[in-house]
Amino acid sequence: ESLRKAATCIQLRLHNTSNLKQSLARTHEDDKRLFSVNQLLEDTCAWRLTRQNLVSLIMKYRGQVEYLLQNEHTVDNVIEVAKAICSVLGFVETRDITDAVRRLRAVPLVKAQNSFQSVEAPDKALTEAAVTELSVAITSLIHVYSRSFDANFQLASIPKSP
Numbered sequence: 041e042s043l044r045k046a047a048t049c050i051q052l053r054l055h056n057t058s059n060l061k062q063s064l065a066r067t068h069e070d071d072k073r074l075f076s077v078n079q080l081l082e083d084t085c086a087w088r089l090t091r092q093n094l095v096s097l098i099m100k101y102r103g104q105v106e107y108l109l110q111n112e113h114t115v116d117n118v119i120e121v122a123k124a125i126c127s128v129l130g131f132v133e134t135r136d137i138t139d140a141v142r143r144l145r146a147v148p149l150v151k152a153q154n155s156f157q158s159v160e161a162p163d164k165a166l167t168e169a170a171v172t173e174l175s176v177a178i179t180s181l182i183h184v185y186s187r188s189f190d191a192n193f194q195l196a197s198i199p200k201s202p
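Count the sequence shown with this note's numbering and you get residues 41 to 202, in order.
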């Protein structure tokens, strides 16, 4: 028989148990044994994320954010560190992070359009709002990751806004 799922044809075949390698077959004990996802990943290149790994990147992110808010030259360094955090968290980028990065990249364009006007406060507010949105999105990703995978830390709570 074949089943259709998303236009992909999946072939299913029934085999007689006498034709199968018994060393590869599941046993009754296999079905009763408890296991975790980390046991399944032992032989892969996955590694345990430690608090120290993440804290070093968060400190770098914080430094780049402070530099951006003081100097307001470019957002590229903040975005690069945010990407590095996503990479450490299993190469995952959430939609919230993508949207926040898009808004942060748009801030210099807004500043360039307003350069003929002397409007400094709204530009800084736009930058701060975009950075806040990115920080909240990163915090949410860290929270989900630490609750879902092998990490030696967990966030106490997710801030709604910094």
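The C-beta atom is built at its ideal place from N, Cα and C for all residues, glycine as well.
Taking the Cβ atoms as the reference, ALA122 lies roughly 12 angstroms from ARG143, outside the contact range of under 8 angstroms. Between the region 116 to 133 and the region 179 to 191, the count of Cβ pairs shorter than 8 angstroms is three or higher; the stretches touch.
Following the DSSP letters along the chain, one finds LYS100 inside the alpha helix (DSSP H) bounded by residues 91 to 111.
Just so you know, the alpha carbons of ALA140 and ARG91 end up roughly 24 angstroms apart. By the neighbour-count definition (other C-beta atoms within 10 Å, threshold 16), GLN104 is a buried residue. Residue environment: SER175 is assigned as buried (16 or more neighbouring CB atoms within 10 Å of its CB, all protein chains considered). A direct Cα-Cα distance of roughly 25 angstroms separates THR179 from HIS113.
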